[in-house]
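S.K.:
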Amino acid sequence: MSNHIKVLRETPKCPNLRTLFLGENNLQVISDGFFHFIPRLTVLNLSRNYDLEELPKGISQLISLECLDLSSTGIRELPIELKSLTKLKMLDLSNMLFVRKMKIPRQLISSFSKLQIFKLRPLINRDYPDEEEDNVLNGVNEDLIKELKIEEHIPGCRTVEVGLHTAHEAPNEQTIQRKSYG
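If you use full-length UniProt numbering, the sequence shown corresponds to residues 1 to 182, in order.
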């Protein structure tokens, strides 16, 4: 963390690596091949890389990943390839610079059947999703609310924190929050 790394182009061979903290760098680019030989990675923290706007497609190689922290990044789209992360238990999208314009494909979040913690909170209340068909953030959050019907789609989920409002709503947050422990 805090190494001022801007670009990750290499393809490291770390078959036993389980945790990788790349937070608080100046990451801008991660090559598609970067994650190809890290099959046992369970925790990936990319938080506080404000200039990181895109996840590499190769992130789909992280089939053992359980925790993915993308908070406080500039990521603009979650790739559909994330569906291959079937063991994902925690996904943090809080304080992202462009969360309201971020493209989240429909059925992506609900495909994480082992998800226990999901956070989606905007950093600033100034941007709204583009009108794209396959974006769960479109509409008056109806699609997002349907996708987050946790009891139906992800029975084991314990914590969901979502704070969004659209241009059609008052400026105060619409919040979906469910917490239970034990």
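Just so it is clear, CB atoms sit at the ideal spot from N, CA and C, and this is done for glycine as well.
These numbers come from a predicted model, not from an experiment.
1. Does DSSP classify Leu20 as helix, strand or coil?
2. Is the region 49-63 touching the region 78-96, taking contact as three or more C-beta pairs under 8 Å?
3. Just grab the DSSP bridge partners of Asp32 for me.
4. In terms of alpha-carbon separation, which member of Pro79, Arg121, Ser2 and Gln107 lies closest to Phe21?
5. Which first and last residues belong to the beta strand (DSSP E) in which Lys119 is found?
6. Please classify Lys103: does DSSP put it in a helix, a strand, or coil?
7. According to DSSP, Glu77 sits in a beta bridge with which residue or residues?
8. Would you mind working out which of Leu120, Pro79, Pro105 and Ile75 sits nearest Leu93, comparing C-alpha positions?
9. According to DSSP, is Leu52 helix, strand or coil?
10. Beta-carbon within less than 8 Å of Thr11's beta-carbon, same chain only, minus the 5 sequence neighbours each way: which residues are those?
11. Spell out the partners DSSP gives Asn45 in its beta bridges.
M.R.: On the basis of the data shown:
1. If you number the sequence shown from 1, residue 20 lands on position 20. Leu20: strand per DSSP, three-state reduction.
2. Result yes; three or more Cβ-Cβ pairs closer than 8 Å.
3. Taking the first residue of the sequence shown as position 1, residue 32 is located at position 32. Paired residues: none, contrary to the question.
4. Position 21 of the sequence shown, counted from the first residue, corresponds to residue 21. Check the Cα spacing between Phe21 and each of Pro79, Arg121, Ser2 and Gln107: the tightest is with Ser2.
5. On the sequence shown, residue 119 is found 119 positions in, with the first residue counted as 1. For Lys119, the enclosing beta strand (DSSP E) stretches over residues Ile117 to Leu120.
6. For the purposes of this step, residue 103 is identified with residue 103 of the sequence shown, where counting begins at 1. Of the three classes helix, strand and coil, the one that applies to Lys103 here is strand, per DSSP.
7. Locating residue 77 in the sequence shown gives position 77, where the first residue counts as 1. According to DSSP, which records beta bridges pairwise, Glu77 is partnered with Lys103.
8. Residue mapping note: residue 93 aligns to position 93 of the sequence shown, counting from 1. If we check each option's Cα against that of Leu93, Leu120 comes out closest.
9. Position 52 of the sequence shown, counted from the first residue, corresponds to residue 52. Under the three-state reduction of DSSP, Leu52 is assigned to coil, being neither helix nor strand.
10. By 1-based counting over the sequence shown, the position of residue 11 is 11. Excluding residues within five positions, the ones whose Cβ falls inside 8 Å are Ser31, Gly33, Phe34, His36 and Phe37.
11. In the sequence shown, counting from the first residue as 1, residue 45 sits at position 45. Note: Asn45 sits in a beta bridge opposite Phe21 and Asp69.
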